[in-house]
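Enquirer:
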Amino acid sequence: MTTHTRGFLRDNGLGLAFGIGFLLALLGQAIAGQADFNNQLASEGLTHVGFGEYLMSSDFAVDVSENWQSEYLQFFLYITATVWLLQRGSPESKQMHKAGTESEKDQQVGKYAHRDSPRWAGAGGLRQGLYSHSLGLVMGSIFALSWLAQSISGVAAYNEEQLRQLQPPMSWGGYIGSADFWSRTLQNWQSELLAVASMAILSVYLRQRGSPESKPVGAAHTSTGVEG
């Protein structure tokens, strides 16, 4: 392994590890999902579907999209809420006196931008405004698109099951007001919100040495916005 390759792996280890883990988990979900789906078809006396056919099915699409939308909702809410909301003693919170969007000097924008700052940080007007909120905008957009994909694939999967049971299909508008749609949605939302709240509060009192998500081991419980 060359020095360049080792340097690339070190510099991008977090993204690569989680990216590979994501692909492996998605593959595992597809394999297990196909087996479970075929078991359901067999119980109804219907023909099994192949792996490729299952990957293109609404059943697989709704399972994937409902997880994606809840995860991106978590990050969107956390990114935007932590601008104003604080948690004393948590490394997940800003320091107590920094609530809000902060000054241009603190944010290194406009005339306070550095030589190596992103170009739009030093620009004014709309470009700076968009870049200043770009992370939240992208996360929110992915959440909205994933939720839309969940509703479309969800109604398709629901109607396929309805037709197998010789029941009438449902419209998209009817489905987004149905118990099936909101059960799928809210069971993910509540777990994401619980996870964020737990992280914000438990990190006040507990430590993980060397992690930027934790305070230094010896930091006081009241220390806020510091990383280990």
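For the sequence shown, my numbering gives the first residue as 2, with consecutive numbering after it. Every residue, glycine too, gets a C-beta built ideally from N, C-alpha and C.
1. Is D12 helix, strand or coil by DSSP?
2. Enumerate, from N- to C-terminal direction, the unbroken alpha helix (DSSP H) stretches of 4 or more residues contained entirely within the segment 177–222.
3. In angstroms with no decimal places, state the Cα-to-Cα distance between L17 and G211.
4. So, at 6 Å on beta carbons, what are the nonlocal neighbours of G123 in its own chain, with the 5 sequence-adjacent residues on each side left out?
5. If distances are taken between C-alpha atoms only, which option among G8, F52, Q191 comes closest to D37?
6. Comparing alpha-carbon positions, which option in P92, L78, Q35 lies nearest Q209?
7. How big is the Cα-Cα spacing for E162 and A31?
8. Have a look at L127 and A82 and give me their C-alpha separation to the nearest angstrom.
9. Below 7 Å between beta carbons: does that hold for G34 and F76?
10. So, for T223: in the same chain, excluding its five sequence neighbours on each side, which residues have a beta-carbon less than 7 Å away from its beta-carbon?
11. Does the count of Cβ pairs from the segment 61–73 and the segment 139–148 closer than 8 Å reach three?
12. Take I80 and list the residues in its own chain whose beta-carbon comes closer than 7 Å to its own, dropping the five residues that flank it on each side.
13. Compare the Cα-Cα distances from T102 to each of S133, D117, L74, E45 and report the closest residue.
14. Whose C-alpha, out of L164, N160, F19, is nearest the C-alpha of G174?
15. Can you look up S44 in the DSSP assignment and give me helix, strand or coil?
16. Tell me which same chain residues have a C-beta within less than 8 Å of the C-beta of A43, skipping the five on either side of it?
17. Judging by CA-CA distance, which residue of L56, S204, L87 is the nearest neighbour of K281?
Expert: Per the coordinate set shown:
1. As a working mapping, residue 12 is identified with position 11 in the sequence shown. In the structure shown, D12 sits in a helix (DSSP, three-state: H, G or I).
2. 180–206
3. In the sequence shown, residue 17 corresponds to position 16, counting from 1. In the sequence shown, residue 211 corresponds to position 210, counting from 1. Each residue's alpha carbon lies about 20 Å from the other.
4. As a first step, residue 123 must be located in the sequence shown, where it is residue number 122. Closer than 6 Å at the Cβ level, and outside the excluded window around G123, lie A114.
5. What you label residue 37 is simply residue 36 of the sequence shown in a count that begins at 1. The shortest C-alpha separation from D37 is found at F52.
6. Sequence index remark: in the sequence shown, residue 209 carries index 208 (1-based). Here the closest residue by C-alpha is P92.
7. Taking the sequence shown and counting its residues from 1, one reaches residue 162 at position 161. Taking the sequence shown and counting its residues from 1, one reaches residue 31 at position 30. Answer to the nearest angstrom: the Cα atoms are 19 Å apart.
8. Your numbering for residue 127 matches position 126 in the sequence shown. Your numbering for residue 82 matches position 81 in the sequence shown. Straight-line Cα distance between these residues: approximately 22 Å.
9. One-based indexing of the sequence shown puts residue 34 at position 33. One-based indexing of the sequence shown puts residue 76 at position 75. No, the pair does not count as a contact, with Cβ atoms beyond the cut-off.
10. Numbered from its first residue, the sequence shown carries residue 223 at position 222. Taken in chain order, the residues that qualify are R89, G90.
11. yes
12. In the sequence shown, counting from the first residue as 1, residue 80 sits at position 79. L136, G137, M140.
13. Start at 1 with the first residue of the sequence shown, and residue 102 comes out as number 101. The residue with the shortest Cα to Cα distance from T102 is S133.
14. On the sequence shown, residue 174 is found 173 positions in, with the first residue counted as 1. Out of L164, N160, F19, N160 has the C-alpha closest to the C-alpha of G174.
15. To locate residue 44, count along the sequence shown from 1; it is residue 43. In this structure, S44 counts as helix in the three-state DSSP scheme.
16. Against the sequence shown, residue 43 aligns to sequence position 42. Correct list, in chain order: H49.
17. Outside the shown range of the chain, which is 2 to 229, sits residue 281, and nothing can be said about it.
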